[in-house]
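Following: one structure in structure tokens, then a few remarks.
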Amino acid sequence: MSALRRFLATIALGVLIMAVAVAAGILANPDGGGGGSVGGYGVASDDAVQGRAYPGNAEQEAALVAAERGRLDLVSQVAATAPSRMEWLTGPYRVPTGPVPTLVLPARETPYSLAELEELAPESVTTQGDGSILIQENIVALAGAALDLTTDAALRMRSGADGFASIVTLGGGVTAHGTSDAPLAVTSFDSATGRTDVDTSDGRAYFRVVGGTVDLQHASFEDLGFWSGDTGGLALTGTDSPALSAPTETDGSTSETPTLSAPDVNALTAGRERPGAVSGTIADVTSKGNAFGMFVSWAAELGITGLRVHDSLVDGIVLNRSVTATTIDSSESVGNAVDGIVIERSSSGITMTGVNASQNGRNGLSIDARPLALGPSPLGSPAVEYGDVHLDSGIIADNAGYGVRVDGGSGISVTDSEVTGSVVGIAVDHSTSGVEIAANRFADQSRQALTLSGGVDATVHDNHISTVDTGVRIHNASAVVEDNEFAGITNHAVTLVGKATGVRVTGNTFAGNGAAPFYDDAAGGYFARNDVEGWEQRVTATSVVRMIAQPLTIVWAALGVLLLLTAVAGYRHHRGRAEREAERRPLTELTPGIITAEELRGRT
């Protein structure tokens, strides 16, 4: 065989090896390369998406939070004993808490107004030259006291390197009303700069309602709070301590151990009212640039409407612990550093309608309804699941992690909502039961529109899912997926992985150009009566790359390339050798032979 033929045969063998490698990659990945983290197998994880970093000083701010707790404890203790020991103390008084004193407002029938406080305590409340009202010291309204912050002027709260002021109610009531045309503006104020305080490292002014009732309407709270939910800027927090109930009076029978009478108990507990849960109304309120947009815990029957939360340093709206029977209507939480709306464990009975949670640094809406404990615990927390959380007619758009993330619980629903962008539209995990995902419109997720995993039991129906790699991914979960419309799917409409007992995929319409409408690598799934007429399987640059970019394919392709390089090198070596041998050919190969003298003379 000539050298040229050997070279051509080697090239043909290399091409054959590469072709076999590509075919092996296709056969090894019948899902069209949708494995891994992109399509059939992988579920998106937002573990790498933690939101934007907090800008403050962790050590200093945590110490300030502890100091604030100590200050409020001190004020509570003083308030509990002062009336009985200081009979002359009949009105507001100041407690020397450093670095900023605290003005204490005891119980009375009529509310305290800002104008009255300016007259009674000009060191605490004063009108500035520009007409604004400056809160220079801490204000605490005790149980039985009502504070009315309604004013036409801007309300500024001292906040700078030399200390900050706070407004806190301990079981009383607070009212702050503006108008739709002129909202009441409550902000921090740094006298050194003449502007609001944007530095949280040395603490920042905050507003907090502890128990009692709240009525905030047509108001804005900006650039307030630091580090914790309680000091986060706008905080509504109650307590889990039950109200004290007086025992029944004795019938006069003798006993070695006497029972206190109701009057005795009342006398002993006077001035020690427990704040209890927060309730009330939040309407047409703006929270912007606060540490937490609005932090709520131990609240019941709280009505929130028209709340606008923007650019919080941590989360937007947080329903932290034991928030029940609460509604959030026509509100938005946009552009916050971490999550837009957070519903934590032990909160339930939450209804959200017309809510917009978009462009947040991690998730739009995070719901954690798992038990506080799985068994006996140091705090004796209940080992029960929570839930009964519903989102209807919402807009969840362009969040960095998940649109909606649900962990555990029961009775969770997302209906008639727009879910666009993000890594995964809705992710449900941790054995959540009674989940309903219905009549929503999903689009433009980078991985999956909806993923169900970890023992979830769900119903997914009447949704429109478009322009996404994988529509619905079910991994070790049970779900009924019916009467949904899929369009523009680039990989699979429905993917089943692991154990799929109880999964029924029926009556859906599939349109797309991915590897296949279904990818079933699970045990127990059932597909029936689905319309796949609109599905087209076509080769694209992306699909070719996915098919080739498999480990075994790459190994065989590398062998083929190595063989081609070897062939080229061998051919070049053979050709060079031939050229060198040509330079050493005998003279007889270059002439006709020996020429005689007679022949030479005859030629001349």
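Those letters in the sequence shown? Residues -23 to -1, 1 to 581, per mature numbering (1 follows the signal peptide of the UniProt record, and there is no 0), in order.
Every residue, glycine too, gets a C-beta built ideally from N, C-alpha and C.
### Given Thr118 as reference, the closest of Gly188, Thr447, Gly283 and Gln105 once Cα atoms are compared
The sequence given here places Ala at residue 118; Thr does not occur at that position. Across the set Gly188, Thr447, Gly283 and Gln105, the C-alpha of Gly188 shows the shortest separation from the C-alpha of Ala118.
Using the C-alpha atoms, what's the distance from Ala130 back to Thr67? 29 Å
Selected residue, minimal CA-CA separation from Gln105, among Met134, Leu82, Leu124 and Val81: Met134
Exercise. Along the chain, where does the alpha helix (DSSP H) that runs through Ala260 open and close?
Worked result: Run containing Ala260: none in the alpha helix (DSSP H); it sits in the beta strand (DSSP E), Val255 to Lys265.
Which of the three DSSP states, helix, strand or coil, is assigned to Gln425?
strand
Review point. If you compare alpha carbons, which of Asp375, Gly210 and Gly215 is closest to Ser143?
Key: Ranking Asp375, Gly210 and Gly215 by Cα distance to Ser143 puts Gly210 first.
Classify Arg322: buried if its beta carbon has 16 or more other beta carbons within 10 angstroms, exposed otherwise. buried
Problem - Exposed unless 16 or more other CB atoms sit within 10 angstroms - verdict on Met271 - result: Under this definition Met271 is a buried residue.
Could you work out which residue in Leu342, Pro99 and Val55 is closest to Pro83 when comparing CA atoms only?
Val55
- Coarse secondary structure for Val291, derived from DSSP in three states: coil
What would DSSP say about Asp50, mapped onto helix, strand or coil?
helix
Per DSSP, Tyr379 forms a beta bridge with which residues? Val401
Exposed unless 16 or more other CB atoms sit within 10 angstroms - verdict on Glu362: buried
Neighbour-count burial assignment, Ser423, 16 or more Cβ in a 10 Å radius
exposed
Distance, Asp139 Cα to Pro76 Cα: Roughly 8 Å separates the two Cα atoms.
| Residue of Arg339, Thr543, Met329 and Val366 minimising C-alpha distance to Arg347 | Val366
Exercise. The alpha helix (DSSP H) with Leu119 in it runs from where to where?
Worked result: Taken as a continuous stretch (DSSP letters only), Leu119 belongs to no alpha helix (DSSP H), as it is neither H nor E.
Other residues of its chain near Glu100: CB distance less than 7 Å, five sequence neighbours each side excluded:
Gln113 and Glu114
Proximal residues to Ser358 (C-beta, below 6 Å), its chain only, five neighbours per side dropped: Leu349 and Ala350
Range covered by the beta strand (DSSP E) that runs through Leu94 = Careful: Leu94 lies outside any beta strand (DSSP E), inside the alpha helix (DSSP H) at Leu91 to Leu97.
Query - Residue environment, His195, which counts as buried when at least 16 other CB atoms sit within 10 Å - result: buried
*asked:* What residue range does the beta strand (DSSP E) around Tyr503 cover?
replied: Tyr503 to Ala505
Item to complete: Go through its chain and collect everything with a Cβ distance to Val364's Cβ below 7 Å, but skip five positions before and after it.
Response: With the sequence shown as reference, residue 364 is identified as Gly, and Val is not the correct amino acid for it. For Gly364, where only same-chain residues beyond five positions count, the Cβ hits under 7 Å are Ser325, Ala346, Gly386, Ser387, Gly388 and Ile389.
inquiry  = Quick test of your reading: Val509 and Phe487, contact by CB under 8 Å. State the CB separation rounded to the nearest angstrom.
reply    = 5 Å
### Task
Going by DSSP, name the residue or residues bridged to Trp204.
Beta-bridge pairing links Trp204 to no other residue.
Using the Cβ count rule (16 or more neighbours within 10 Å means buried), how would you classify Gly47? exposed
Problem set entry | Presumed contact (8 Å Cβ cut-off) between Ala314 and Gly338, rounded CB distance | 5 Å
Span separating the alpha-carbon of Leu147 from that of Val186: Taking the straight line from one Cα to the other gives about 7 Å.
TODO: Assign Ser354 to one of two classes, buried (16 or more other C-beta atoms within 10 Å of its C-beta) or exposed (fewer than that).
DONE: exposed
Can you look up Gln37 in the DSSP assignment and give me helix, strand or coil? helix
- Query: Can you tell me whether DSSP reads Ala59 as helix, strand or coil?
  - Reply: Reduced to three states, the DSSP call for Ala59 is helix.
### Task
For the beta strand (DSSP E) containing Thr190, list its first residue and its last residue.
Gly189 to Glu199
**Study point:** Counterpart residues of His154 in DSSP-defined beta bridges
**Key:** Gln194
Quick check: what's the CA-CA separation for Val437 versus Glu459? 6 Å
Checklist entry - According to DSSP, is Leu213 helix, strand or coil? => result strand
Spatial distance of Pro224 from Gly253 (CA atoms) = Because the pLDDT of Pro224 is 38, which lies under 50, any placement of that residue in the model is unreliable, and the number read from its coordinates should be weighed accordingly. Their Cα atoms are separated by approximately 20 Å.
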